[in-house]
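Chains as they are written, first to last, in the numbering used here: chain P, 44 to 181; chain A, 209 to 333.
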């Protein structure tokens, strides 16, 4: 395997990890927060109370674990690839988040929102097709 | 409503700034080629000696708790796509802060992201 192929392979592998663990973390956090019940306001005191309750939830901690896995993969891939390349290519995660929200959490997603999500994915795919590295590492 | 707006701003602004700082830190460290657990621990230890890492972690923690707060009042399928606005901030940040070359297609992609985010917002009303 050539060095270029190896570089691509490890880049794609880490991006797959990001696409899996990012949405999964968001899903678990969303599920954990919903289990706490509805919050009427976003005052600092209310937020502090909700955050304290959230940190006692196993589902929230699973979400945090998933997001840590996402973060490790994200950080590693940034050691060799452009930020403006990695960020868009990982955006497939936004679509999978909406799918998970719709089919696992049974949240309502309108057709206009689906269209928006599709356009977001198209946009980030175009960005992702540009040259992955435009700067020299320091 | 103002509280939600502030939380969205923190998710996008602090989150993207934190990621840019982490990108700067990892660029300082250089390409990671050894993925064995001990080697990864060594990379993490080196990263902890770079001040950009700590600034990045602080900003990302702020964005994370803002995300947790907004998830208490909004659906995840609405919150997550809206945070895609950070692509615009990220593109500017990559160009200015990391001196990356942003080409025409890359800007086109960013505009599409903006359009998509607007539709997600309109679809909620």
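Glycine included, every Cβ here is placed at the ideal spot set by N, Cα and C.
- What do you get for residue 224/A, buried or exposed, if any count of 16 or more other CB atoms within 10 angstroms of its CB means buried? buried
- Query: How many Å lie between residue 239/A and residue 222/A at the Cα?
  - Reply: 25 Å
- For residue 74/P, count neighbouring C-beta atoms within 10 Å of its own C-beta (all shown protein chains included) and say buried if the count is 16 or more, exposed if not. buried
- Query: Any chance the segment 123 to 141 of chain P sits against the segment 166 to 178 of chain P, with 3 or more Cβ pairs inside 8 Å?
  - Reply: yes
- Given that a residue counts as buried once 16 or more other Cβ atoms are within 10 Å of its Cβ, and exposed if not, what is residue 69/P? buried
- Task: Specify whether the segment 54 to 68 of chain P and the segment 112 to 123 of chain P touch according to this definition: at least 3 beta carbon pairs, one from each stretch, less than 8 Å apart.
- Result: yes
- Message: Give me, in chain order, the residues of the same chain whose beta-carbon lies closer than 7 Å to that of residue 181/P; leave out the 5 immediate sequence neighbours on both sides.
- Response: Reliability of the predicted coordinates at residue 181/P is poor, the pLDDT of 48 falling under 50, and the value obtained from them is presented with this limitation in mind. So the list is empty, once near-sequence residues are dropped.
- Query: If residue 233/A sits next to residue 277/A, beta carbons under 8 Å apart, how far is it from one beta carbon to the other, in whole angstroms?
  - Reply: Actually they are not in contact, since the Cβ atoms of residue 233/A and residue 277/A sit about 27 Å apart, beyond 8 Å.
- Task: Report yes or no: do the segment 294 to 304 of chain A and the segment 118 to 129 of chain P share at least 3 C-beta pairs separated by less than 8 Å?
- Result: yes
- Contacts around residue 183/P, its chain only, beta-carbon distance under 8 Å, and the 5 residues preceding and following it disregarded: The structure shown does not extend to residue 183/P, since chain P spans only 44 to 181, so no value can be given for it.
- Query: residue 272/A: which of 235/A, 211/A, 247/A and 219/A sits nearest, CA to CA?
  - Reply: 219/A
- the segment 317 to 325 of chain A contacting the segment 152 to 168 of chain P, beta-carbon criterion three pairs below 8 Å: yes
- Using 8 Å as the limit for Cβ to Cβ distance, is residue 104/P near chain A? no
- Query: Fully enclosed by the segment 243 to 268 of chain A, which beta strand (DSSP E) runs are 3 residues long or longer?
  - Reply: none
- Message: Please classify residue 55/P as buried or exposed, where buried requires at least 16 other C-beta atoms within 10 Å of its C-beta.
- Response: exposed
- Below 8 Å on the Cβ atoms is my guess for residue 308/A versus residue 178/P; work out the distance and round it to an integer in Å. 5 Å
- Task: Give a yes or no on whether the minimum CB-CB distance between residue 237/A and chain C is below 8 Å.
- Result: This model lacks chain C altogether, as its protein chains are P and A.
- Is there at least one Cβ from chain A nearer than 8 Å to residue 60/P's Cβ? no
- Query: Closest by CA to residue 101/P, which one among 88/P, 78/P and 120/P?
  - Reply: 78/P
- Query: Is the beta carbon of residue 72/P sitting closer than 8 Å to the one on residue 103/P?
  - Reply: yes
- Message: Quick check on this structure: which residue in 145/P, 48/P and 86/P has the alpha carbon closest to the alpha carbon of residue 213/A?
- Response: 86/P
- Task: Compare the beta carbon distance of residue 136/P and residue 76/P with 8 Å and say whether it is the shorter of the two.
- Result: no
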